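Take a look at the structure below.
Residue numbers (this note's numbering): 58 to 202.
Right, here's the structure in full:
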């Protein structure tokens, strides 16, 4: 009887552990992106600072790198709702997106800072000091963090 009790407990424990390890997508990616765009639109309307955001957009313009201070790859994303946002991706802490061009789709996770032109998404990389939640960019199936 003890063998069966131990076996049942082991099966339950493994089942619960596996459930926690399995990736969970409770909404389709297109819905997740739309919710991200909504969150970014809300952040813009609220004039939010330091707000975690994620979403996707189409590259509207590729800008020259910002070379003052830490180097950043810069580009403008147009979201599905028409809103545009500057992405400033620190290329001293994460790889640059090579051959990025107008019309490309980029998914992002980062931090939004409001400005009158539409705002900036930054922290699209890991934090080497581990004090800040890491972000990323995804382009053509490759993740840059």
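Here a beta-carbon is modelled for each residue, glycine too, at the ideal position from N, C-alpha and C. As the structure is a prediction and not an experimental result, all values here were calculated from the model.
Around the beta carbon of residue 199, fewer than 16 other beta carbons sit within 10 angstroms, so the residue counts as exposed. Here residue 106 is exposed. Its C-beta has fewer than 16 other C-beta atoms within 10 Å. DSSP assignment within the segment 95 to 156 yields the following whole beta strand (DSSP E) runs of 3 residues or more, N-terminal first: 108 to 123, 129 to 135 and 141 to 147.
By the neighbour-count definition (other C-beta atoms within 10 Å, threshold 16), residue 136 is a buried residue.
Residue 158 sits exposed, since fewer than 16 C-beta atoms from the chains shown fall within 10 Å of its C-beta.
Cα atoms of residue 143 and residue 166: separation of roughly 13 angstroms, rounded to the nearest angstrom. Secondary structure at residue 159: coil, using DSSP grouped into helix, strand and coil.
By the Cβ test, the segment 182 to 190 is not in contact with the segment 111 to 131, since fewer than three Cβ pairs between them sit closer than 8 angstroms.
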